[in-house]
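Inspection log for the structure reproduced underneath, given as structure tokens.
Protein chains: 2
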Amino acid sequence: MSVTAAKGFTAAGIAAGIKENGNPDLALVVNTGPRRAAAGVFTSNRVKAAPVLWSEQVLKSGQVSAVVLNSGGANACTGPKGFQDTHATAEKAAEVLGRGAIEIAVCSTGLIGVLLPMDKLLPGLEQAAAALSEHGGEKAAIAIKTTDTVHKTSVVTKDGWTVGGMAKGAGMLAPGLATMLVVLTTDADLDDETLDKALRAATKVTFDRVDSDGCMSTNDTVLLLASGSSGITPGYEEFAEAVRRVCDDLGQQLIRDAEGASKDIKVEVVGAATEDDAVEVGRSIARNNLLKCAIHGEDPNWGRVLSAIGTTKAAFEPDRLNVAINGVWVCKNGGVGEDREKVDMRYREVHIVADLAAGSETATIWTNDLTADYVHENSAYSS
Amino acid sequence: MSVTAAKGFTAAGIAAGIKENGNPDLALVVNTGPRRAAAGVFTSNRVKAAPVLWSEQVLKSGQVSAVVLNSGGANACTGPKGFQDTHATAEKAAEVLGRGAIEIAVCSTGLIGVLLPMDKLLPGLEQAAAALSEHGGEKAAIAIKTTDTVHKTSVVTKDGWTVGGMAKGAGMLAPGLATMLVVLTTDADLDDETLDKALRAATKVTFDRVDSDGCMSTNDTVLLLASGSSGITPGYEEFAEAVRRVCDDLGQQLIRDAEGASKDIKVEVVGAATEDDAVEVGRSIARNNLLKCAIHGEDPNWGRVLSAIGTTKAAFEPDRLNVAINGVWVCKNGGVGEDREKVDMRYREVHIVADLAAGSETATIWTNDLTADYVHENSAYSS
Chain A
2 MSVTAAKGFT
12 AAGIAAGIKE
22 NGNPDLALVV
32 NTGPRRAAAG
42 VFTSNRVKAA
52 PVLWSEQVLK
62 SGQVSAVVLN
72 SGGANACTGP
82 KGFQDTHATA
92 EKAAEVLGRG
102 AIEIAVCSTG
112 LIGVLLPMDK
122 LLPGLEQAAA
132 ALSEHGGEKA
142 AIAIKTTDTV
152 HKTSVVTKDG
162 WTVGGMAKGA
172 GMLAPGLATM
182 LVVLTTDADL
192 DDETLDKALR
202 AATKVTFDRV
212 DSDGCMSTND
222 TVLLLASGSS
232 GITPGYEEFA
242 EAVRRVCDDL
252 GQQLIRDAEG
262 ASKDIKVEVV
272 GAATEDDAVE
282 VGRSIARNNL
292 LKCAIHGEDP
302 NWGRVLSAIG
312 TTKAAFEPDR
322 LNVAINGVWV
332 CKNGGVGEDR
342 EKVDMRYREV
352 HIVADLAAGS
362 ETATIWTNDL
372 TADYVHENSA
382 YSS
Chain B
2 MSVTAAKGFT
12 AAGIAAGIKE
22 NGNPDLALVV
32 NTGPRRAAAG
42 VFTSNRVKAA
52 PVLWSEQVLK
62 SGQVSAVVLN
72 SGGANACTGP
82 KGFQDTHATA
92 EKAAEVLGRG
102 AIEIAVCSTG
112 LIGVLLPMDK
122 LLPGLEQAAA
132 ALSEHGGEKA
142 AIAIKTTDTV
152 HKTSVVTKDG
162 WTVGGMAKGA
172 GMLAPGLATM
182 LVVLTTDADL
192 DDETLDKALR
202 AATKVTFDRV
212 DSDGCMSTND
222 TVLLLASGSS
232 GITPGYEEFA
242 EAVRRVCDDL
252 GQQLIRDAEG
262 ASKDIKVEVV
272 GAATEDDAVE
282 VGRSIARNNL
292 LKCAIHGEDP
302 NWGRVLSAIG
312 TTKAAFEPDR
322 LNVAINGVWV
332 CKNGGVGEDR
342 EKVDMRYREV
352 HIVADLAAGS
362 ETATIWTNDL
372 TADYVHENSA
382 YSS
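Protein chains in written order, with the numbering used here: chain A, 2 to 384; chain B, 2 to 384.
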């Protein structure tokens with residue numbers, strides 16, 4: 002269902018030959034409804050790929066007619082020629098779709114520092130436009146995969162309106178956006194300001210809190226397009242909740258597909274003085290390589306949790322910290338708590354609770370373990 | 002030679018039975034000279050081990066008579082009992098050495114969250130005191146090893162005076178001090194304020210810039226003891242340079258012995274607007290897991306260098322960045338530079354130069370690659 006679950010959208014995913022192995026590598030999502038409202042959130046990395054620089058400009062109008070997405074090349078660190086290629090991509094899509102180029106967002110993912118094969122991409126756009134369909138959402142989701150082992154889609158349907166989406170991402174998942182491309186669509190009848198507010202609120206507590214390996218990409222993009230095709234204007238809270246649910250679901254799918262991971266780790270920080278403290282502590286725990294190795298080895302090593310907390314500026318007293326791993330409070334008041342032998346770590350999901358005993362704020366960060374497979378996947382191939 | 006290279010020091014290293022495998026695990030370093038001046042630098046982790054809390058108090062007087070160091074247990078996150086154990090260790094050492102307990106620094110390393118076997122440690126102190134020798138430096142260096150594959154010592158001898166030292170550390174090497182215990186000794190005749198100034202200046206540009214895995218320990222300690230036994234008071238600059246050289250040498254030995262590493266990576270940031278910018282960028286590059294995996298795979302992946310730079314707040318323009326790997330400028334002006342095929346990465350040492358083109362400040366950070374062996378070593382055993 003993906004991006005075509007909401008009315009007023011068509012999509013396609015094809016193999017344009019950008020990937021040398023012949024796998025699908027080019028997707029198109031087109032808004033065919035009465036509205037073209039849109040919002041976008043982009044990587045906070047200061048080294049931004051050409052398509053990010055382009056799409057940021059596109060989104061300034063709050064209008065997006067279509068999105069072109071390619072895998073097989075990030076078009077990042079490619080200089081003026083890379084930007085010209087993104088521009089040419091938007092121009093070509095505009096031509097084949099009969100829209101204005103300034104309403105065409107572009108997303109790319111793949112290896113940094115390599116120019117895209119425009120002789121494959123531009124003809125591919127004609128092929129993709131010819132394949133556009135109200136049932137094309139899944140094919141689009143497949144075409145944006147890189148090291149993803151599965152394609153990711155999610156849909157929430159409410160009373161007469163829908164929010165759906167697709168995502169790619171399997172590594173470089175980090176704060177300030179997990180590294181990924183995400184396109185969300187809705188047939189709700191809403192303006193771009195409302196979309197922007199709902200999208201930022203949702204990404205802040207979902208994708209921004211997915212931190213697989215602490216590495217932030219140059220290409221992160223999350224777009225939300227509204228077609229207005231349902232003719233329904235839902236209340237803000239209900240709409241924002243639906244967007245949040247789709248983002249949360251896609252974020253979870255990203256974590257579950259993280260490169261080389263054998264454990265999904267939910268780091269829940271409680272008892273924080275502020276939400277910012279909770280997020281800072283959660284990230285510090287989630288990024289601790291030694292802890293991530295210990296979790297991989299099914300070792301409930303709470304000392305490494307405390308060591309990670311200790312590097313933050315959050316409000317806490319070392320002798321009041323408590324840590325639970327899979328429900329067992331292995332650390333109480335900064336020291337040894339319940340018997341660590343009681344901790345059952347056989348399953349893929351691991352739940353760490355860090356209690357700062359300094360307030361009532363909370364935050365949850367999702368991460369993965371660090372494995373030899375992660376090393377192999379990221380040392381054997383450029384990405 | 003180690004801590005007994007300088008006149009006025011004796012040392013010992015013995016097996017007290019703290020480690021279950023029977024390896025040496027207890028070291029003593031005693032100042033026998035006319036002076037007892039000392040300085041110390043400790044972990045900036047807010048979760049500090051009991052011996053760190055104790056030794057910080059000891060150092061406030063600027064006087065240290067002796068240092069007790071144990072491997073086989075970090076005595077961190079051990080609550081009031083852990084602190085009592087450290088205190089009892091200092092009291093026992095004071096008794097057997099005939100010194101005041103408040104002049105006995107204590108250092109521990111090993112697993113967090115486990116109490117030390119005091120029934121082994123206290124008798125061990127008698128045994129260690131009996132073994133003290135002017136040639137005991139090497140045995141002391143051996144007794145503080147944990148996952149270290151080699152013991153680390155260094156000596157600089159100048160005109161009539163000497164600075165020597167020993168270090169342990171092989172993982173959890175991170176900024177704000179690489180995780181380690183270091184004892185430096187000198188027979189120069191200097192007061193504690195001069196020692197403190199020279200030690201802080203040295204650690205700032207050596208141990209603080211060793212960042213193996215971004216993980217900061219609860220037990221980091223660097224001590225510098227002066228016996229005055231040479232009767233010589235060197236000029237500050239000459240002395241500070243000698244201390245810096247010993248610290249630099251020991252820091253390099255730590256990196257070369259980092260857990261599971263197959264590459265030593267020198268990250269040199271040049272063209273920075275400020276030294277702080279250079280350090281921030283160097284650390285960001287040194288901590289990028291994806292880059293560290295790429296280096297392990299002998300892949301000169303400069304895109305990951307740019308991606309890491311982009312997450313910092315340093316002054317730079319993305320389209321002016323240059324990156325050299327092993328002498329080949331693979332990235333110029335933020336884009337593709339010289340042919341990456343020219344980069345020879347067969348050797349253990351890898352040299353990355355990141356030119357921010359924003360000024361003339363520089364800094365060098367040392368790190369390692371990320372390997373499957375690192376994962377194995379840190380997932381198979383608690384540490």
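Note that beta-carbon positions come from the ideal geometry of N, C-alpha and C, so glycine has one too.
Please read all numbers here as calculations on a predicted model, not as lab measurements.
DSSP places Val354(B) in the uninterrupted beta strand (DSSP E) bounded by 350–356. In the DSSP annotation of this structure, the continuous segment of the alpha helix (DSSP H) that includes Gly80(A) starts and ends at 80–98. Under DSSP, Cys108(A) forms a beta bridge with Leu70(A).
In the structure shown, Glu281(B) falls within a helical segment according to DSSP collapsed to helix, strand and coil.
Within the region 143–202 of chain A, complete beta strand (DSSP E) segments of at least 3 residues are found at 153–158, 163–169, 182–187, given in chain order.
Residue state for Gly138(B) is assigned as helix, using DSSP reduced to three classes. At a cut-off of 9 Å, the C-beta of Gly311(B) has a neighbouring C-beta in chain A. Looking at Gly311(B), Ile366(B), Lys343(B), the one whose alpha-carbon comes closest to that of Leu357(B) is Gly311(B). Around the C-beta of His297(A), 16 or more other C-beta atoms lie within 10 Å, and the residue is accordingly described as buried. Listed along chain A is no residue with a C-beta nearer than 8 Å to that of Pro52(B); the closest approach is about 14 Å. Sequence-distant Cβ neighbours of Asp149(A) in its own chain, meaning closer than 8 Å and more than five residues away, are Lys169, Gly170, Ala171, Asp258. A contact between stretches requires three or more CB pairs, one per stretch, nearer than 8 Å, and the region 359–379 of chain A fails this requirement with the region 104–114 of chain B. Across the set Glu281(B), Gly229(B), Lys159(B), the C-alpha of Gly229(B) shows the shortest separation from the C-alpha of Gln64(B).
Taking a C-beta distance under 9 Å as the contact criterion, Asn290(A) and Asn379(B) qualify as a contact pair. Look at Glu269(B) here: in three-state DSSP terms it is strand. As a beta-bridge residue in DSSP terms, Ile366(B) pairs with Val268(B). Taking CB atoms only, His377(B) has a neighbour in chain A less than 9 Å away. In the DSSP assignment, Ala38(B) falls outside any alpha helix (DSSP H) and within the unbroken beta strand (DSSP E) covering 38–43. Residue contact with chain B for Thr372(A): present (Cβ-Cβ distance below 9 Å to some residue of chain B). Chain order gives the chain A residues near Thr219(B) as Ser308, Gly311, where near means a beta carbon separation below 7 Å.
When DSSP reads this structure, Lys333(B) sits in a beta bridge with Gly336(B). Interface with chain B (9 Å Cβ-Cβ cutoff): Arg47(A) is included. The CB of Thr79(B) comes closer than 7 Å to the CB of Gly336 in chain A, given here in chain order.
Taking Trp330(A) as the centre and dropping the five residues before and after it, the same chain places the C-beta of Asn323, Val324, Gly338, Glu339 closer than 8 Å to its C-beta, in chain order.
If you compare the alpha carbons of Leu251(A), Asp197(A), Asn46(A), Leu255(A) with that of Gly166(A), the shortest gap goes to Leu251(A). Interface annotation for the region 277–303 of chain B against chain A: Arg288, Asn289, Asn290, Leu291, Leu292, Lys293, Cys294, Ala295, Ile296, His297, Gly298, Glu299, Asp300, Asn302, Trp303, criterion Cβ-Cβ distance under 9 Å. Rounded to whole angstroms, Asp277(B) and Ile286(B) show a C-alpha spacing of 14 Å. By the neighbour-count criterion, in which 16 or more other beta carbons inside 10 Å mark a residue as buried, Thr158(A) falls on the exposed side. Against Ser109(A), chain B offers no close residue; the least beta-carbon distance is about 13 Å (beta-carbon pairs closer than 7 Å). Only buried fits Asp212(A), as 16 or more other CB atoms lie within 10 angstroms of its CB.
Here DSSP, grouped into helix, strand and coil, assigns Thr372(A) to coil. Counting only residues of its own chain and dropping the five nearest sequence neighbours on each side, Asp249(A) has a CB closer than 7 Å to the CB of Thr207. The way I'd put it, the region 48–65 of chain A doesn't touch the region 12–27 of chain A; fewer than three beta-carbon pairs between them come closer than 8 Å. Relative to Ala141(A), the option among Ser3(A), Thr368(A), Asn334(A) whose CA is nearest is Ser3(A). When CB distances to chain B are screened at a threshold of 9 Å, not a single residue of the region 25–42 of chain A falls below it.
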